[in-house]
Amino acid sequence: MKAIAYYAALPINDPKSLQDVQLPEPVAGPRDLLVEVKAISVNPVDTKIRQNVAPENGAAKVLGWDVAGVVKAVGSDVTLFKAGDKVFYAGSLTRPGGNSELHTVDERIVGHMPKSLGFAEAAALPLTAITAWELLFERLQIAEGQTDQGQSLLIVGAAGGVGSILTQLAAQLTALKVIGSASRPQTQAWAKDLGADLVVDHSQPLSEELKRVGHPQVTHVASLTQTDQHLDQLVEALVPQGKLALIDDPKSLDVLKLKRKSLSLHWEFMYTRSMFETADMIEQHNLLNRVAELIDAGTLKTTVGEHFGVINAENLRRAHALLESGKAKGKIVLEGF
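Each residue of the sequence shown is one higher than the one before, starting from 1 at the first, in full-length UniProt numbering.
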């Protein structure tokens, strides 16, 4: 089968950083689906692994943790899907990624694809939707509906992949006042369009920006980027006993700064359930199905920023380069082989 892989951790401007290769077709295990990959999207995790993780023993390493496709075959113990089903999912870091014509994935982390979307639009959703959903409803323990009246959420990096979904979830499903941060006019407009009540510029001191828009303190923060750079400002902006959640990888984080206000710190890593095969692993199946229903109802919309064409090494290198520049808006998708 066709796949895009790498054999050494290289900068993205090196043609060998991602290569078109031929690999054996994977075989589905008992709880696996064998999926014919129709579209993929690209995430910062792809670039981080490509730059920092060398393949084992010179083997080809395939990236890609956002897939939309069609079930070609199912394992002996599969109960949630059948051949011919359209699906979308983010996969597992402990297995090969989905930048290949065929891919195997545990059914418990797969959802039925939204009926109203094409494959490319659906591929933009799984990883960011799972991350945003888990962060908002499980880590920060925000309730759906009107329970959290009077509370507020600052989303640092609201125009990125996760931010684009998180902004919609918070605006559409909760009573939170949603404040998004973005640093350029076009990304600020994007955050506003997705439902942010207020938009601030994270290239400026965030505590000052919050005062500027008339909302100097917040009860919750979702820090999606540059947490270490913004930490002092976030601590200042949070109310006593507020909650800070993050998804990025700061080199260090001085958590003692949270003590005086009794702030709580919450990590969100959407691969935890699949990596450890937790008892509640199937919750990712359930939430993806719920996201599909919300998409089909018009409550949420896909967050495609750019369509980079067919799935090949050249186009994936372009996508990685744009992500590494920090200037991507929404999600980058590729479709077809």
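Just so it is clear, CB atoms sit at the ideal spot from N, CA and C, and this is done for glycine as well.
Checklist line | Cβ-based burial, S325 [other Cβ within 10 Å; buried from 16] | finding: exposed
Discussion item. For Q146 and V45, what's the separation of their Cα atoms in angstroms?
Written reply: 34 angstroms
Q: Give the range of the alpha helix (DSSP H) segment to which D232 is assigned.
A: T227 to A237
* For G180, the residue or residues it bridges with in DSSP -> According to DSSP, which records beta bridges pairwise, G180 is partnered with I155 and V199.
Open item on the list: For residue 346, which residues in the same chain have their Cβ closer than 8 angstroms to its Cβ, ignoring the five residues on either side in sequence?
Closed with: With the chain running from 1 to 337 in the structure shown, residue 346 is simply not present.
Point to revise | Continuous alpha helix (DSSP H) assignments of at least 4 residues falling wholly in the region 71 to 125 | key: Here the runs fully enclosed are 119 to 123.
Could you check whether L127 and N43 sit closer than 8 angstroms to each other, using their CB atoms as the reference points? Their beta carbons are under 8 angstroms apart, which means N43 touches L127 by this criterion.
Between K115, P114, S100 and P96, which lies nearest to D106 when the distance is taken from Cα to Cα?
P96
**Prompt:** Anyone know if the C-beta pair for L224 and G160 falls short of 8 angstroms?
**Reply:** yes
**Report entry** Member of R290, V53, V239 and A191 whose CA lies at the smallest distance from the CA of I155
**Finding:** A191
Q. When the Cα atoms are used, what is the spatial distance from P294 to L300?
A. Per the sequence presented here, residue 294 reads as Leu, with Pro not at that position. Rounded to whole angstroms, the separation of the alpha carbons of L300 and L294 is 6 angstroms.
Worksheet item: Which residue comes first and which comes last in the beta strand (DSSP E) that contains W190?
Response: Unbroken run through W190 is the alpha helix (DSSP H), P185 to D193; no beta strand (DSSP E).
Helix, strand or coil at A313 [DSSP, three-state]: In this structure, DSSP gives A313 a helical state, which the three-state scheme calls helix.
inquiry  = Output needed for S132: all residues of its chain with C-beta closer than 7 angstroms, excluding positions within five of it in sequence on either side, in chain order.
reply    = Checking the sequence shown, residue 132 turns out to be Ala, not Ser. Only V162, I165, L166 and L169 meet the Cβ criterion.
Could you pull out every residue in the same chain whose Cβ sits closer than 8 angstroms to the Cβ of T278, ignoring the five residues on either side in sequence? T272
| said: Would you say the beta carbon of Q51 is closer than 7 angstroms to some non-hydrogen atom of the ligand PLP? | reply: No copy of the ligand PLP appears in this structure; indeed no ligand is present at all.
Checklist line | Between the CA atoms of P11 and F18 - distance to the nearest angstrom | finding: The residue asked about is misnamed: residue 18 is Leu in this sequence, not Phe. Answer to the nearest angstrom: the Cα atoms are 10 angstroms apart.
| Nonlocal neighbours in the same chain, by C-beta distance under 8 angstroms from T79, ignoring five residues either side | E107
Does the distance from the CB of F119 to the CB of E306 come in under 8 angstroms?
-> no
Rounding to the nearest angstrom, what Cα-Cα distance links N312 and K261 in this structure?
50 angstroms
### Inter-residue Cα distance where the pair is V67 and H103
When rounded, the distance between both Cα atoms is 9 angstroms.
Measuring only the C-alpha atoms, how far is D53 from R212?
As written in the sequence, residue 53 is Val, which differs from the Asp given in the question. Using only the alpha carbons, I get a separation of about 43 angstroms.
| task | Measure from the alpha carbon of S35 to the alpha carbon of each residue in R290, F88 and D77, then state which is nearest. | result | For the sequence presented, residue 35 should be read as Val rather than Ser. When only C-alpha atoms are compared, the closest one is F88.
Can you find the residues in the same chain that come closer than 6 angstroms, C-beta to C-beta, to H320, ignoring five residues on each side of it along the sequence? Excluding positions up to five away in sequence, the list reads I12 and T47.
- Apart from the five residues on each side of it in sequence, which residues of its chain come closer than 7 angstroms, Cβ to Cβ, to S76? Excluding residues within five positions, the ones whose Cβ falls inside 7 angstroms are P30.
6 angstroms Cβ shell around R290 - same chain, five flanking residues per side excluded:
none
* Asked: What span of residues does the alpha helix (DSSP H) with S274 cover, start to end?
  -> T272 to F276
- Query: Can you tell me where the beta strand (DSSP E) with K257 in it begins and where it stops?
  - Reply: K257 -> no beta strand (DSSP E), and no H or E assigned at all.
In the DSSP assignment, what are the bridge partners of W267? L246
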